[in-house]
Amino acid sequence: MATRKNTEKARQEPRESTPKSLFRKVERTLDAIEHGSDILGTIRNVAEHMAVNFRADLGLLGGRVYRLDDNEYELMETFGSARGTPLGTRVPRAYAAIEAVLDSGLVVMDRNAPELDPELEAQLGTRERFAAVSISDGNYLISFDVVPGQGNIEALRAPLNIVRLAINQKLQRERYEVIIQDARRIQSSILPKRTPRYADFDIAGNSRPADEVGGDFYDYIPVTPEMFDLVIADASGHGLPAALQVRDVYMGLRMGLTRDFKVSRTIERLNAIINRSNLASKFVSLFVAELETNGNFIYTNAGHVPPFIVHHNGRVEHLRVGGAVLGPFPDATYLRGFAQLGPGDTLVLYTDGITECHHHRTDEEFGLPRLQTLVRRHAALSAAEICQTIFHAVSSFAGTSSPVDDQTVVIVRRPAAVSPKAEATAAPQADGEPRPVPSNHARKKR
Numbered sequence: 001m002a003t004r005k006n007t008e009k010a011r012q013e014p015r016e017s018t019p020k021s022l023f024r025k026v027e028r029t030l031d032a033i034e035h036g037s038d039i040l041g042t043i044r045n046v047a048e049h050m051a052v053n054f055r056a057d058l059g060l061l062g063g064r065v066y067r068l069d070d071n072e073y074e075l076m077e078t079f080g081s082a083r084g085t086p087l088g089t090r091v092p093r094a095y096a097a098i099e100a101v102l103d104s105g106l107v108v109m110d111r112n113a114p115e116l117d118p119e120l121e122a123q124l125g126t127r128e129r130f131a132a133v134s135i136s137d138g139n140y141l142i143s144f145d146v147v148p149g150q151g152n153i154e155a156l157r158a159p160l161n162i163v164r165l166a167i168n169q170k171l172q173r174e175r176y177e178v179i180i181q182d183a184r185r186i187q188s189s190i191l192p193k194r195t196p197r198y199a200d201f202d203i204a205g206n207s208r209p210a211d212e213v214g215g216d217f218y219d220y221i222p223v224t225p226e227m228f229d230l231v232i233a234d235a236s237g238h239g240l241p242a243a244l245q246v247r248d249v250y251m252g253l254r255m256g257l258t259r260d261f262k263v264s265r266t267i268e269r270l271n272a273i274i275n276r277s278n279l280a281s282k283f284v285s286l287f288v289a290e291l292e293t294n295g296n297f298i299y300t301n302a303g304h305v306p307p308f309i310v311h312h313n314g315r316v317e318h319l320r321v322g323g324a325v326l327g328p329f330p331d332a333t334y335l336r337g338f339a340q341l342g343p344g345d346t347l348v349l350y351t352d353g354i355t356e357c358h359h360h361r362t363d364e365e366f367g368l369p370r371l372q373t374l375v376r377r378h379a380a381l382s383a384a385e386i387c388q389t390i391f392h393a394v395s396s397f398a399g400t401s402s403p404v405d406d407q408t409v410v411i412v413r414r415p416a417a418v419s420p421k422a423e424a425t426a427a428p429q430a431d432g433e434p435r436p437v438p439s440n441h442a443r444k445k446r
């Protein structure tokens with residue numbers, strides 16, 4: 001009989017949770033964090049989950065969610081036993097309890113603490129003890145009503161701190177994802193959607209960012225039916241700051257070059273704008289070439305790794321004339337260079353992510369000589385094939401297709417002139433097949 005009474009008594013008394021069982025509940029709370037649709041929804045999910053699941057362990061009964069609005073915190077949500085408290089009540093940011101939680105991230109206080117206002121606490125419906133945590137850099141506060149004397153304060157602090165940090169990490173991750181999405185939209189909007197057709201030029205370009213977004217960019221800017229501008233640029237850094245700086249370069253060039261401004265003058269204006277910029281990425285190397293359909297072009301190189309022409313006879317010409325990188329010097333001036341892209345020549349624009357790529361074993365740089373040799377060897381390929389060959393070679397050299405630095409390549413080929421003999425070789429017969437040119441031996445025989 002006594003045994004049965006003891007058993008019934010044991011069933012009626014709640015068993016004290018072990019640290020292991022408590023942290024299993026914390027893990028389930030962390031799962032609840034991932035199901036919030038927005039920041040307030042996430043906080044609401046977590047607060048309600050903890051009020052239901054930690055009542056027996058930590059004495060959490062319910063509570064309130066506050067959001068910062070100017071210099072006051074507005075009561076936005078209630079949960080658990082605190083339901084029914086009028087929403088919209090505002091608490092000054094300078095209130096003692098709020099300053100304490102903002103300073104430390106988490107506080108446990110009794111309602112009769114001398115620094116608290118009894119009337120305000122009564123209006124808020126606060127119980128004898130509460131625990132408050134700061135979320136999202138103080139933009140939100142969660143205040144839990146706590147049963148006094150149930151468990152110790154340190155046992156209460158540990159799970160609340162874990163949950164607070166987990167919520168903050170989720171919100172930081174979401175903010176980062178929004179930033180990356182914005183940067184991707186920026187980059188997607190400025191990179192060429194299609195390759196233009198000018199005279200007989202064969203043109204191709206591609207860019208591979210090191211991060212989700214990069215600081216490289218290239219562009220084809222139409223000027224007249226007989227002329228277009230070719231651009232490649234490399235902003236220092238990666239991510240959103242570099243993407244924003246590249247956007248400014250893109251807009252500045254498009255506005256300047258399409259208004260018949262000279263190339264060098266447009267770059268000088270752009271340099272002054274970047275110098276005054278507040279962006280973290282303040283240095284941009286840039287190359288702009290104004291290419292005519294007859295192959296003549298004017299260019300300016302603003303601190304960019306020198307593009308080069310592989311001429312039909314194998315000679316390499318570097319395009320270095322210009323000035324300093326954009327940004328550091330507000331009054332920098334820029335010179336113009338002149339070059340000719342003749343039949344059978346190939347123009348190569350690239351960023352330093354190509355030539356400064358390191359070998360996966362020896363740490364040797366890919367280097368400019370290796371790039372020039374590669375282009376010479378494959379000069380008969382199309383521009384798109386040369387571009388693809390370069391990226392493949394660099395990836396093989398590095399041992400990975402994920403670059404450490406942004407990589408961009410633009411190729412412009414001018415096909416070799418067709419000789420009269422070659423034209424005769426390709427002359428079609430009546431059935432559409434090429435007509436072979438008779439050999440000397442065949443002519444004599446005929």
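Start counting the sequence shown at 1; every next residue gets the next number (my numbering).
C-beta: ideal position from N, C-alpha, C; glycine also.
These figures come from a predicted structure and were not determined experimentally.
Judged by beta-carbon spacing, residue 205 lies beyond the 8 Å limit of residue 406, meaning their Cβ atoms are not closer than that value. A distance below 6 Å between beta-carbons, with the five flanking residues on each side excluded, links residue 129 to the following residues of its chain, in chain order: 110, 146 and 148. Per DSSP, residue 92 is one residue of the beta strand (DSSP E) stretching across 90-92. Residue 411 sits away from residue 316, with the two beta carbons spaced by 8 Å or more.
Note on residue 307: 16 or more other CB atoms within 10 angstroms of its CB, so buried under the neighbour-count rule. Within the region 204-259, complete beta strand (DSSP E) segments of at least 3 residues are found at 216-224 and 227-235, given in chain order. Residue 298 sits away from residue 346, with the two beta carbons spaced by 8 Å or more. Here DSSP, grouped into helix, strand and coil, assigns residue 143 to strand.
Ranking 122, 73 and 118 by CA distance to the CA of residue 102 puts 73 first. Shown here, residue 350 sits in a strand according to DSSP, grouped into three states. In the DSSP assignment, residue 271 falls outside any beta strand (DSSP E) and lies within the alpha helix (DSSP H) extending over 263-276.
Selection 87, 118 and 141 evaluated against residue 43 yields 141 as nearest (Cα-Cα). Excluding the 5 residues flanking it on each side, residue 228 has same chain C-beta neighbours closer than 7 Å at 196, 198, 220, 221, 222 and 291, in chain order.
Secondary structure of residue 312 (DSSP, three-state): coil.
Residue 397 and residue 374 have their C-alpha atoms spaced approximately 13 Å apart. For residue 413, the enclosing beta strand (DSSP E) has its first and last residue at 407-413. Within the model, the alpha-carbon separation for residue 350 versus residue 402 is close to 17 Å.
Runs of the beta strand (DSSP E) lying entirely within the region 82-143, each at least 3 residues long, are 90-92, 106-110 and 129-135 in chain order.
Looking at the DSSP output, residue 45 sits in no beta bridge, so it has no partner there.
Each of 391, 387 and 378 was checked against the Cα of residue 203, and the nearest Cα belongs to 387. Residues of the same chain with a CB within less than 7 Å of the CB of residue 179, apart from the 5 flanking positions on each side, are 240 in chain order. The beta carbons of residue 305 and residue 355 sit about 6 Å from each other, so the pair counts as a contact at 8 Å.
A residue is called buried when at least 16 other Cβ atoms come within 10 angstroms of its Cβ; residue 269 does not meet this threshold and is exposed. Boundaries cannot be given for residue 382, as no beta strand (DSSP E) includes it and DSSP labels it neither H nor E. DSSP places residue 294 outside both helix and strand once states are collapsed to three, so it counts as coil. A distance of 8 Å or more separates the beta carbons of residue 344 and residue 332.
Cα atoms of residue 57 and residue 353: separation of roughly 56 Å, rounded to the nearest angstrom.
Residue state for residue 163 is assigned as helix, using DSSP reduced to three classes. Residue burial annotation: residue 392 is exposed, with fewer than 16 other C-beta atoms found within 10 angstroms of its C-beta. Under the Cβ criterion (8 Å, minimum of three pairs), the region 79-86 counts as touching the region 45-62. Residue 68: member of the beta strand (DSSP E) spanning 60-69, first to last residue. Per the C-alpha coordinates, the member of 245, 120 and 287 positioned closest to residue 277 is 245. Comparing alpha-carbon positions, the option among 87, 200 and 217 lying closest to residue 208 turns out to be 217. With a threshold of 16 other beta carbon atoms within 10 Å, residue 335 falls short and is exposed. In the structure shown, residue 177 falls within a helical segment according to DSSP collapsed to helix, strand and coil. The beta-carbon distance between residue 68 and residue 88, rounded to whole angstroms, is 14 Å. This is too long to meet the 8 Å contact definition.
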